[in-house]
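S.K.: Note that the protein sequences, when read in sequence, are chains A and B.
Here the first sequence is numbered in the numbering used here, starting from 1 and rising by one per residue.
Here the second sequence is numbered in the numbering used here, starting from 314 and rising by one per residue.
For each residue, glycine too, the CB sits at the ideal point set by N, CA and C.
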Amino acid sequence: MPASALSERRPLGDRSFQVLTLAAGLLVLVILVLIAVSTSQQASSWFSTEGLKIFSRSWNPPANQFGALPFIYGTFIVSVIALVIAVPVSVGIALLLTEVVPYRWARPIVYVIDLLAVVPSVVWGLWGILVFAPWVQHIYASIGSGVNGIPVLGNLFGPPTSGASFFTAGIIVAFMITPIVTSLSREVIATVPAIDREGAYALGATRLEMIRGTVWPHSQGGVVGAVLLGLGRAMGETIAVALVIGSSPTITSHLFAPGDALAAVIANEFGEATGVFKAGLMGMGVLLFVMTIIVNVIARGVVERSARRKRGA
Amino acid sequence: MQGRHIGRVPTAGLAITAAAISLAACSSSGSSTPSSSSSASSPSASTAKLSGTLNGSGSTFQLTFQQTAIQSFKSIQPGLTVNYGGGGSGKGRTDLASGVVNYAGSDSPIPAKEEANFKGKTVLYFPVVIGPITVSYNLSGLSKPLQLTAPVIADIFQGKITSWNNSAIAAVNPGVTLPSTTITVARRSDSSGTTANFSEFLVKGAPGVWTLGTSSTINWPAASRGGNGNGGVASIVKSTPGAIGYVDYADAKASGLTFASVKNSAGDYVAPSVSSATTAANNATVAPNLTFSAIWAPGAGSYPITYQSFDLVYEAQSSSQTAANLKGFIGYLLGDGQKLLPELNYAPLPANIDQMAQAQLSKIGSSATPAPSSS
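#1: Taking the Cβ atom as the reference point for each residue, do M282/A and T39/A lie within a distance shorter than 8 Å?
#2: Quick one: what does DSSP say A353/B is sitting in, helix, strand or coil?
#3: Strictly by DSSP, which residues pair up with F17/A?
#4: Let me check understanding here. Comparing Cα to Cα, which of Y397/B, P440/B, I474/B lies closest to V599/B?
#5: On the three-state DSSP scale, how would you describe I618/B?
#6: So the beta strand (DSSP E) V395/B belongs to, where does it begin and stop?
#7: G246/A touches chain B at which residues, Cβ-Cβ below 8 Å?
#8: Figure out for me which residue from G285/A, V295/A, P108/A has the closest Cα to the Cα of A36/A.
#9: Please report how far the alpha carbon of G392/B lies from the alpha carbon of M669/B, in whole angstroms.
#10: According to DSSP, is P159/A part of a helix, a strand, or is it coil?
#11: Would you kindly work out how many angstroms separate the C-alpha atoms of K387/B and A664/B, rounded to a whole number?
#12: Tell me the start and end of each unbroken beta strand (DSSP E) in the stretch 87-125 of chain A that is at least 3 residues and wholly inside, in chain order.
#13: Would you mind stating whether V689/B and S622/B have Cβ atoms separated by less than 8 Å?
#14: For T571/B and P458/B, I'd like the C-alpha separation in whole angstroms.
#15: By the criterion of Cβ-Cβ separation under 8 Å, what are the contact partners of A535/B in chain A?
#16: Taking the alpha helix (DSSP H) that R186/A falls in, what are its first and last residues?
#17: Counting Cβ pairs closer than 8 Å, one from the stretch 403-416 of chain B and one from the stretch 469-483 of chain B, do we hit at least three?
#18: CA-CA distance, Y491/B and L455/B?
#19: So, is T497/B buried or exposed, given that buried needs 16 or more other C-beta atoms within 10 angstroms?
#20: Cutting at 6 Å between CB atoms, please list the residues of its own chain near G488/B, excluding the five before and the five after it.
#21: Taking Cβ positions, are G558/B and I549/B nearer each other than 8 Å?
#22: Who are the neighbours of L69/A on chain E, taking C-beta pairs under 8 Å?
#23: What does P11/A reach in chain B if we use C-beta pairs closer than 7 Å?
#24: Check the Cβ of N148/A against every Cβ in chain B and list those closer than 7 Å, keeping chain order.
#25: With burial defined as no fewer than 16 other Cβ atoms inside 10 Å of the residue's Cβ, what is the status of W135/A: buried or exposed?
#26: Taking just the CA atoms, how far does A264/A sit from N415/B?
#27: Is the shortest distance between the beta-carbon of G275/A and the beta-carbons of chain B less than 8 Å?
#28: Could you name the residues of chain A that E427/B contacts, counting a contact when the two beta carbons are closer than 9 Å?
#29: Go ahead and pull the three-state DSSP assignment for S707/B.
#30: Please classify Q41/A as buried or exposed, where buried requires at least 16 other C-beta atoms within 10 Å of its C-beta.
#31: Counting only beta-carbon atoms, is T530/B nearer than 8 Å to chain A?
#32: Tell me whether N396/B is buried or exposed, calling it buried when 16 or more other Cβ atoms sit within 10 Å of its Cβ.
#33: Output yes if chain A places a C-beta closer than 8 Å to the C-beta of G518/B; else output no.
#34: Given a limit of 7 Å on CB to CB distance, which residues of the stretch 403-433 of chain B reach chain A?
#35: Show which residues of chain A have a CB atom less than 9 Å away from the CB atom of G506/B.
#36: Of the residues that make up the stretch 164-177 of chain A, which ones have a beta carbon closer than 9 Å to any beta carbon in chain B?
This is how it looks when you write it as structure tokens:
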């Protein structure tokens, strides 16, 4: 089959560039697949010994029980708390920067927020356990004793309370994901055409009505995508969560109680783990890997779809 | 394409990187000198000039000792660079099995399920250091230091005894008025040999009472607080009135904690110290391969929560230079290095164990130069 006339005449530089970039792209895919395959292999003894019990509630290595549910629960709860705190704050800041603040002040504020992203995870964790947790435990204790006995609030915020807990980890992770959600939301909101905004004002809308009527429908896909990306980041945060979550594998509704999460338990226990225990930790790494890939794929899909709709409109 | 000369910033970056790499290369020139040709005749390690690099990893209990010993060993054998990476006993054994390191620090012998990883090669155990684990607490206004027994400690750490003025604690502390403060249990959030040995003490000393088993990680009651490393537990105890935790002796002394005297198998209350730890090791039963556990050791002055750490080395080394380096460094740890221990708040090995370990050094050989048949 003769090659097309066009590719025959393409210069060597172009062709080798194409090959190089193709190789680079394939390399990334290959590495991802290799990571997935090799970690699953290392975890195979856990999957085979425990079978479906990998989702059981009891994690007790001395008694050879390796159920991962407490950690899946912990990762989920910390991420939800982080999102509940970070999303309103981040979207609020994004709206503030695009709608309210004059352009001169917007740039330095963006700079300061991006500095939050630069702080290393371990520094967040150290600050959390040495400064924040001791200070906040008294607040938890007073809230806890205050709501003790009240039906729903007591179950969520009642005792036992501890400085190192699900809620503290959620707050720290919220600090860490705010910059990324803010900057992505801000970029999406800034693409709303000025003509739509001015049209709303011309019809007599207040600022809030303008935001609800023109900005939000236009940018909701992108903001949801940004939130999902923040969620992916929150699920994978390791050292900051490991230091402040309290290392107690329990499933409890009490948010001020100590807990444990997938990434945190791997970081804490890997040094001395052997046999099925180590395979279990690797298996939890595989679970986390799969969960974050799913969340990121959904996030990218949502962002892509909303971008396509924007372009179409 | 028209040539574009590299801009100023990338050039500066390249120059700085090149300078940094060449500085690093120059400062490690010791490792590039060829070994002397005296490998045929092997004089005792202390007089021969050693060169090369030794890598170790494993137990964090040994970490301070290894770092200090490596520093002072450098003045004796400047040509030999030793690196010890820590990372936990489990990591050390894994690294040794995969050949990543020359020696591994481990607080316990290789467990049965890991033996397969070593593919039948003989591993020599060299005990190098002993230390007590303290039961540290934060209570002010006591007329005397606390005394505790294994069953009482077990119930405290299991969450069955929740306040300091509990009758069980008062029974073993006659004449001391205990406050009604709630007990906060501090324990490790990461897996550790310290936890494994502390729980082994509870299994041996409180057999019917302690139900959580022994392992480098325990399923602690939910109300307990986890700290990262001995330092983390020490800081929880220090900052929380009414806290109690298990902290190794060096970290407890460094943080200025108060520790309890613990009742040993002979019925005496013994305080943790360098001498009571060495006494415990002296009374421990040593296996032919030099492994032993000083936990719950018999004898009147033995501190019952004393633990030990070993350096693991393959009997057959691939190169005679590595064999000589290992003999030299581990010989130092067993000889003059032991003098460094009391200052670091560890306990030196008792004389009989030290002698057996030094005699075992001659077993390290290589296929090039077979080990002599008797020391």
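M.R.: To lay it out plainly:
#1: yes
#2: Unreliable placement is indicated for A353/B, whose pLDDT of 39 sits below 50; the coordinate value is still reported in the next sentence. Of the three classes helix, strand and coil, the one that applies to A353/B here is coil, per DSSP.
#3: In DSSP, F17/A forms no bridge with anything.
#4: P440/B
#5: coil
#6: 393-400
#7: S502, R538, G539
#8: G285/A
#9: 28 Å
#10: coil
#11: 25 Å
#12: none
#13: Only positions 314 to 688 of chain B appear in the structure, and residue 689/B is not among them; the question remains open.
#14: 8 Å
#15: P160, S248, T250, T252, A257, P258
#16: 166-190
#17: no
#18: The sequence given here places Leu at residue 491/B; Tyr does not occur at that position. Taking the straight line joining both Cα atoms gives about 7 Å.
#19: buried
#20: none
#21: yes
#22: No chain E is present in this structure, whose protein chains are A and B.
#23: Correct list: empty, because the minimum Cβ distance to chain B is about 12 Å.
#24: Within chain B, no residue comes near N148/A; the closest Cβ sits about 15 Å away, beyond 7 Å.
#25: exposed
#26: 30 Å
#27: yes
#28: T274, G275
#29: In the structure as shown, chain B starts at 314 and stops at 688, and residue 707/B therefore has no counterpart that could be examined.
#30: exposed
#31: yes
#32: exposed
#33: no
#34: G403, K404, P424, K426, E427
#35: E272
#36: A164
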